[in-house]
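**Student:** Right, I'll just put the structure down here and ask away after.
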Amino acid sequence: MPTDTRPAARRIFGAPLRYIQGPGALSETGPTAAAIGSRALLIADAFVLDLLEEAVTASCRQAGTQVTPLRFAGEITPAEIERLVGAAHGLQADVVIAAGGGKGIDAGKAVAHRLRVPVITVPTIASNDAPTSKIYVVYDEQHRLLKVEHMPCNPHAVIVDTALIARAPRKLLLAGIGDAISKKFEVEQCHAAQGPNMFAGLGTRAALALADLCFETLLAHTDGALAALERQSPADSLEAIVEANVLLSGLCFENGGLSVAHSMTRGLSALPGTAHELHGLQVAYGTMVQWHLEDRPPAFMEEMRAFYRRIGLPLNLQQLGLPRTPTDVDIDTLATLTLTAPHVRNFNRVLTAHDLSQAISALEAATL
Ligand SMILES: [Zn+2]
175 MPTDTRPAAR RIFGAPLRYI QGPGALSETG PTAAAIGSRA LLIADAFVLD LLEEAVTASC
235 RQAGTQVTPL RFAGEITPAE IERLVGAAHG LQADVVIAAG GGKGIDAGKA VAHRLRVPVI
295 TVPTIASNDA PTSKIYVVYD EQHRLLKVEH MPCNPHAVIV DTALIARAPR KLLLAGIGDA
355 ISKKFEVEQC HAAQGPNMFA GLGTRAALAL ADLCFETLLA HTDGALAALE RQSPADSLEA
415 IVEANVLLSG LCFENGGLSV AHSMTRGLSA LPGTAHELHG LQVAYGTMVQ WHLEDRPPAF
475 MEEMRAFYRR IGLPLNLQQL GLPRTPTDVD IDTLATLTLT APHVRNFNRV LTAHDLSQAI
535 SALEAATL
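Written as structure tokens, this is what we have:
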């Protein structure tokens, strides 16, 4: 019998009700919103409103839903959430359409959560795994992580227009690949450790299978997707990578749980230079550290290093933005803070700061 209070052996799987992806998919926003109600809020920052307000409004009008745009100021703080909820007062919205990168989507989730209405997410970049998930992150005024909130359900729908994503900067797609590449390994570790997923349940066989598919997809289609991005035109390989970055990556972390790679973002967020690097690039580096801790065979490590090098994922702290050769203090800080993340317990053995420092030092030495 387990010694903690978590219900034993309860497997839980959660997902959005609908996932729609393809060039021009934005036109699905209206019919999807109209199936919920006749009044929608569109929450996005000024840049994203410029990009899609007209198309979303037209699609909703045609379907019989009226859209009120609310401009998100850019940082998800309790005060900004209050301001948006206040602006929504009296509008009797039936649904929130949350559009943008990670933050715009999280702002829309926060408002939908407060208003107790469903949310439709519309990611305009494929840089992270947030759009399918029920989780959003709130920061304080100094941009420090304040809390991770959970909506009662996943988004009602996720609408991914790949014609928009094909025009996004390469670095953002790379970050999405970095966020996704860890999943197979984090899900496997969490599963082996019987760790909880984001529904406080055990992972399913489905989560493990999706994690395998996510990794295979990245290896098979990344080169083609980056070439398509260069041409700024949709292609099958880009569709495959967007699905891996948004759908598979999101389903994997939420249903399979996380481990060392994501725990590393705690430490990386405290070092100069690496602190402000994109989440997915931090995770890509964290995955390398996890592989070291797992004692992966040299041939696997060499293959992964070659993959990272070819596409431009960070292989060491300096490539991730640290403005100096890492000192012992840098490595200690990184190891100690990483160990404060709860997901770090989802590993096949209990890790110490020494284990982490050694893995980081070995990684840094291997990629000089
Ligand atoms: Zn992530």
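Read left to right, the sequence shown gives residues 175 to 542 (this note's numbering).
Just so you know, even glycine gets a beta-carbon here, dropped at the ideal spot from N, CA and C.
Computed from a predicted model, the values in this text were never measured in an experiment.
1. Can you name, in chain order, every residue of its own chain whose Cβ lies under 7 Å from the Cβ of Val416, other than the five neighbours on each side?
2. Determine the direct distance from the alpha carbon of Ser212 to that of His365, and round the result to whole angstroms.
3. Where Val524 and Gly264 are concerned, what is the direct C-alpha to C-alpha distance, given to the nearest angstrom?
4. If you reduce the DSSP assignment to three classes, tell me which class Gln195 lands in.
5. With a CB to CB cut of under 7 Å and the five nearest residues on each side skipped, what residues in its chain are close to Met475?
6. Please list, in chain order, all residues of the same chain as Ala533 whose beta carbon is under 6 Å from its beta carbon, the five residues on each side excluded.
7. Using only the alpha-carbon positions, how far apart do Pro238 and Val270 sit?
8. Give the residues whose C-beta lies closer than 7 Å to at least one heavy atom of ligand 1, in chain order.
9. Of the choices Cys327, Gly278 and Arg498, whose alpha-carbon is the least far from that of Glu254?
10. Taking all protein chains shown into account, do 16 or more other C-beta atoms lie within 10 angstroms of the C-beta of Arg184, making it buried, or fewer, making it exposed?
11. Unbroken alpha helix (DSSP H) runs of length 4 or more, entirely within the segment 402-444: which are they?
12. With respect to the alpha helix (DSSP H) encompassing Arg235, which residues constitute its N-terminal and C-terminal limits?
13. In this structure, does DSSP put Val311 in helix, strand or coil?
14. Using only alpha-carbon positions, find the residue among Ala527, Arg290 and Asp502 that is nearest to Glu538.
15. Check each candidate in Gly260, Val241 and Val361 and name the one with the smallest Cα separation from Asn522.
16. Please look up how many angstroms separate the CB atoms of Pro203 and Val285, rounded, as I've assumed it's under 8 Å.
17. Ignore the nearest five residues each way along the sequence and tell me which others in Asn520's own chain have a CB closer than 6 Å to its CB.
18. Who does Gly204 pair with in a DSSP beta bridge?
19. Give the range of the alpha helix (DSSP H) segment to which Arg257 is assigned.
20. Might you give, ordered along the chain, the residues of its own chain that have their beta carbon closer than 6 Å to the beta carbon of Ile210, omitting 5 neighbours on each side?
21. Suppose you measure from the CA of Leu320 to the CA of Val518; what does that come to, to the nearest Å?
22. Would you mind reading off the limits of the beta strand (DSSP E) that contains Glu323?
23. Taking the alpha-carbon positions, what's the Gly260 to Ser307 distance?
24. Below 8 Å on the Cβ atoms is my guess for Pro305 versus Val332; work out the distance and round it to an integer in Å.
25. Which whole-angstrom value is the C-beta distance of Gly495 and Thr461, which I expect to be below 8 Å?
26. For Gly274, which residues does DSSP report across the bridge?
27. Pick from Ser233, Glu404 and Pro205: whose alpha carbon is nearest that of His330?
**Tutor:** Here's the rundown:
1. Closer than 7 Å at the Cβ level, and outside the excluded window around Val416, lie Gln195, Ala300, Val334, Thr336 and Ile339.
2. Their Cα atoms are separated by approximately 43 Å.
3. The straight-line gap from Cα to Cα measures roughly 52 Å.
4. DSSP, read as helix, strand or coil, puts Gln195 in strand.
5. Within the same chain, Met475 has close Cβ partners Trp465.
6. These residues qualify, in order along the chain: Val463, His466 and Leu467.
7. The sequence given here places Gly at residue 238; Pro does not occur at that position. In a straight line, the C-alpha of Gly238 is about 15 Å away from that of Val270.
8. Residues lining ligand 1 by the Cβ criterion, that is a Cβ closer than 7 Å to any of its heavy atoms, are Asn302, Asp303, Asp353, Phe427, His436, His453, Gly454 and Val457 in chain order.
9. It is Gly278 whose Cα lies nearest to the Cα of Glu254.
10. Arg184 sits exposed, since fewer than 16 C-beta atoms from the chains shown fall within 10 Å of its C-beta.
11. Runs of the alpha helix (DSSP H) lying entirely within the segment 402-444 and spanning at least 4 residues, in chain order: 410-416, 423-430 and 434-442.
12. Residue range Ala220 to Ala237 is occupied by the alpha helix (DSSP H) that includes Arg235.
13. Val311 falls in the strand class under three-state DSSP.
14. The shortest C-alpha separation from Glu538 is found at Asp502.
15. Out of Gly260, Val241 and Val361, the CA that lies nearest to the CA of Asn522 is found in Val361.
16. In the sequence under discussion, the amino acid at residue 203 is Thr, which differs from the Pro named in the question. Their Cβ separation, rounded to whole angstroms, is 17 Å, which puts Thr203 and Val285 out of contact at 8 Å.
17. Cβ within range, chain order: Gln363, Cys364, Ala367, Gly369, Gly431 and Ser433.
18. Looking at the DSSP assignment, Gly204 forms no beta bridge with any residue, so it has no partner.
19. The continuous alpha helix (DSSP H) containing Arg257 extends over residues Pro252 to Ala262.
20. So the qualifying residues of the chain are Asp268, Val269 and Pro292.
21. Roughly 19 Å between the two C-alpha positions.
22. Leu319 to His324 is the extent of the beta strand (DSSP E) around Glu323.
23. Spanning the two alpha carbons is a distance of roughly 25 Å.
24. So it is a contact: roughly 5 Å between Cβ atoms.
25. So it is not a contact: roughly 17 Å between Cβ atoms.
26. DSSP output for Gly274 lists Pro297 as bridge partner(s).
27. The option with the nearest alpha carbon to His330 is Pro205.
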